Structures are given as structure tokens and as C-alpha cells.
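Have a look at the structure below before the remarks.
In my numbering, the protein residues as written are 373 to 817.
Structure follows, in C-alpha cells:
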């Protein structure tokens, strides 16, 4: 017996399993492949068998994601109260039951909701059972006596448009995933693929995205049963700049049929953990403390009184108290290090004689400072006292572990005596000058 959904050549017969386990059949799209003729274990001309075990006599029909399944019963006759067909809205007997309201047959393990008797099963009209998703499951049990003709039904996928939405970072390419993780500010490209899972050609199409708006409206394209088309092949570029995690849902409509799909682009958030080596010594703050992937955070270290910042460890480095973490793509951790601060005080014995300076004047524990003495004109540096010693005007204090004080001493520079001539020297000089001044007598005069 043929049912009203197609020709004999287009259908495959499926007999319900008889104690052989759980069989699965897949409905394909396109004419000639989208339905099965489904019978009890006796087939189209015989009765079902006795002793059918409910747990080992199970069949599931599957269809493409986004579609549903219709099962149209043309005949149904099962021993009432003793045998029963159980229907489940999913891929296993653990799915919600499409029940009849009947009690459990005695041999069916206490499971209620079996279809029996001569009335046609149906939840979507007389004799029509419809799944809510792309799978439907049947299980059957029978006792040890009396069998009936069972059932004749046709199983088919419903007319539908199945939409797939993918997202990538390469323009002009239909990516393979519907989820993606990117840095903030990244441009992504969406691809929408529509598949005709029904049996009629679809000609006019609309596509609307809840984030991007209308992609096209009234597009003329002949989409045959089983065929697919995507926006990249149509020359449509659907791009967006992603600054936050975004989920787009699109709907493709062809006549009375429509299909929806979503794609999610995630911009991860990363955390900046900031700590100090000594809470009494100072503080550190990173702003913002959490950033979107690819963004930046600035960390600032502040020393308390009596302490100095000595440098960073972790994801910051150097001795600048301000550190910027750029292009963050993972959780980060920084530590601001502080040490006790010691003063290095420089003085002079005589302010008129010169000056002294120590650089740096505030030193972290274990650090160094260089002191330099400079004499004013008319004075000379005579030496150090205090933490420095010697007469070298440059003194380096190393490994400082306490406050230090140095004094530079200066003295007036010695005045050099002016040389004088004795009496005989004056007489000699006078005679020499006279000789030079007296006119010489000309030779031969």
C-alpha cells in the first residue's frame, strides 16, 4: 500500500525491529529520498510477531538539523490492553513521550502511554504524528499470544529551509564554524547557507539578521530540493566590527518556509592581578583591572612614606613606577616591589668654601649613592668626614642599610709670595739700564 506523499520508486520500506536492538534511519533532502514506508515487524502483508521485547525492538528516524518529521499512519491495529506502540519525541526512548493516555500493557514493564486498538496515533491531527525536532523514536512490545496486522505509515521530513550561519576573519570565505573568539576591534565576516530540505523548488528569498539588519529582500534564485546556496557565492559581504561578545540570529525566508541560525563571536575578558611585596611599603593599582582581549591596562606603583619603589616583577619590568600592558590576550599578574628608604645627607664645613651633593639623596636598602664635593674659587677641598673619608672629591656609598651623613671640608687656597730684589740686584739692574740708554759711539768716528 502506498501513502499519499510520493511515488513507489521514491520510498524505502522499513519493518520495525523484532528483538534485534535499536535501528536508526536517516531521512535525506530532495525528491525521492525524503521518506520511508514504515511497517510493523510483519511488513506490509503480515501480522507482527509475539514476544516482542520493548527494549530490543526500537527504531529511530533522523532528519537534517532544523527540520521536523511527520509520520502519517494509514492503518493501525494492535491488540488493545496487551500490546503497544510507544512513540518518543527524540532520538531515544529517554526523550519525551508522545503518549496516548493509555495504561501500560502487562508485558511492557510498566510503561504507560502506549498506542493500541484500532485508532490511528496522532498528535498533529488524525493519524499524523509530528516531532518537534529532527528525530522521532518508536518502541513496540507484544505478549505471547494473539497478533494483529499492526500498522502502515509513511515517515518523511517536513518541507523546510535549513539555515547555517558561520563566521570567520577572512573576507570572501564561508567559514566552517559558528563560534569564534577574537580581540576587540576585529572585523569578522558572516556567511549564511540555506538548504532546501523539502520537495519543491524555492524561488524568492529574504534574509534578515537581528544585528546587521536586512541582508537582502526579494532575491530571485531557484533553489531546488536538496540544493544549497550561500551569501559568499551570491557575492554578498556581511561584515561587522566586533567590540564586545556578540550573538547574531538570522532568519532566511522562502515563501511560507523559514529557517533561523545564530553565530557567536566572543571577545574574552582578561584580568590583571596586581600585588605588592610588602603591603606596609606601598600600593599598586591597574586600571582597568579587567580588559577585553587586545585592550590595554596601566599599572601604577605608589610608595608609602619611608619607602621607595624598586621595580616590577611579573608581567611588568623596569623601575618606572608606571607600566602599561598593551594588547592583553591572557590573564596578567604584576608585583610592585618596595624597600625601606634611607636618606643620604650632605653638608659642608664652610658654605663659602664650596658645595656637596649626594645622588640619589634617598636610597633603597642595599642601594648606592655618589657624593661629590665642589670647591668655590679661592678655596680647596680638603677632605670628607662622616660616612665618606679621604680627599677624593667623589665618594660612593654602597650597600646602604641606614641613614647616612657626609661633610665636605674646604679651606682658603694658599697665597703665593711676590719675589723681591736685594740692594746689589737693584744696583746691577740700574747699571744695566744706564748702559742700554747711553748712546754708542760710532765705529771709525
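All C-beta atoms, glycine included, are put in the ideal place defined by N, C-alpha and C.
Small disclaimer: the values here were computed from a predicted structure and weren't measured.
*Using the C-alpha atoms, what's the distance from residue 617 back to residue 438?*
25 Å
*Under 8 Å Cβ to Cβ from residue 742, same chain only, skipping five residues before and after it: list those, please.*
730, 731, 766, 767, 768 and 769
*Please specify which runs of the beta strand (DSSP E), each continuous and at least 3 residues long, are wholly inside the segment 643-708, giving them in chain order.*
654-659, 662-664, 669-675, 679-686 and 694-697
*What do you reckon, are the CB atoms on residue 386 and residue 409 nearer than 8 Å?*
yes
*Beta bridge counterpart(s) of residue 758 as assigned by DSSP*: 778
*Start and end of the beta strand (DSSP E) containing residue 522?*
522-529
*Where residue 378 and residue 398 are concerned, what is the direct C-alpha to C-alpha distance, given to the nearest angstrom?*
Interpretation of residue 378 is limited by its pLDDT of 36, a score under 50 that renders its predicted location unreliable; the figure taken from the coordinates is listed afterwards. Roughly 18 Å separates the two Cα atoms.
*Tell me residue 394's beta-bridge partners as DSSP assigns them.*
430
*Opening and closing residue of the beta strand (DSSP E) in which residue 585 lies*: 585-595
_Residue ranges of each beta strand (DSSP E) within the segment 481-517, 3 or longer_ = 500-502 and 507-513
*Would you decide whether residue 595 is buried or exposed? Buried here means 16 or more other CB atoms lie within 10 Å of its CB.*
buried
_Burial state of residue 583, where buried means 16 or more other Cβ atoms lie within 10 Å_ = exposed
*asked:* With H, G and I counted as helix, E and B as strand and the rest as coil, what does DSSP make of residue 414?
replied: coil
*Quick one: using the 10 Å Cβ neighbour count with 16 as the cut-off for buried, is residue 604 buried or exposed?*
buried
*Kindly indicate the opening and closing residues of the beta strand (DSSP E) around residue 420.*
Where residue 420 is concerned, there is no enclosing beta strand (DSSP E), given that its DSSP letter is neither H nor E.
*Please classify residue 403: does DSSP put it in a helix, a strand, or coil?*
For residue 403, the pLDDT reaches just 46, beneath the cut-off of 50, and the residue's location in the model is therefore unreliable, although a value from the coordinates is still provided. It is coil, neither helix nor strand.
*Once you ignore the five residues that flank residue 568 on each side, which residues in its own chain have a CB closer than 6 Å to its CB?*
574, 595, 597 and 599
*Roughly how many whole angstroms lie between the Cα atoms of residue 440 and residue 502?*
7 Å
*asked:* My assumption, with CB atoms under 8 Å, is that residue 528 sits in contact with residue 461. Please give the rounded CB distance.
replied: Going by Cβ atoms, the distance from residue 528 to residue 461 rounds to 16 Å, so no, they are not a contact pair.
*What are the complete beta strand (DSSP E) segments, minimum 3 residues, inside the segment 431-456?*
441-449
*To the nearest whole angstrom, what separates the beta carbons of residue 606 and residue 513, a pair I think is in contact under 8 Å?*
The pair is not a contact, with the Cβ atoms about 52 Å apart (cut-off 8 Å).
_How far does the beta strand (DSSP E) with residue 388 in it extend, from its first residue to its last?_
No beta strand (DSSP E) contains residue 388, which DSSP labels as neither H nor E.
*Which word fits residue 720, buried or exposed, when buried means at least 16 other C-beta atoms lie within 10 angstroms of its C-beta?*
buried
*Quick one: give me the first and last residue of the beta strand (DSSP E) that residue 568 is part of.*
558-568
_Taking 7 Å as the limit between beta carbons, can you name the residues of its chain near residue 681, skipping five residues before and five after?_
654, 673, 675, 693, 708 and 710
*residue 564: buried (16+ other C-beta within 10 angstroms of its C-beta) or exposed?*
buried
*Which stretch, first to last residue, makes up the beta strand (DSSP E) that contains residue 461?*
Where residue 461 is concerned, there is no enclosing beta strand (DSSP E), given that its DSSP letter is neither H nor E.
*Pair every Cβ in the segment 659-668 with every Cβ in the segment 635-649, then say whether three or more of these pairs are closer than 8 Å.*
yes
*In whole angstroms, what is the alpha-carbon distance linking residue 489 and residue 561?*
56 Å
*Measure the Cβ-Cβ separation of residue 784 and residue 750 and say whether it is below 8 Å.*
yes
*asked:* Just verifying my parser: in three-state terms, what is the DSSP assignment at residue 800?
replied: helix
*State the DSSP-derived secondary structure class of residue 342, mapped to helix, strand or coil.*
Residue 342 cannot be examined here, being either before or after the span of the chain that is shown, 373 to 817.
*Identify the residues that DSSP records as bridge partners of residue 731: which are they?*
742
*8 Å Cβ cutoff met for residue 548 and residue 538*: yes
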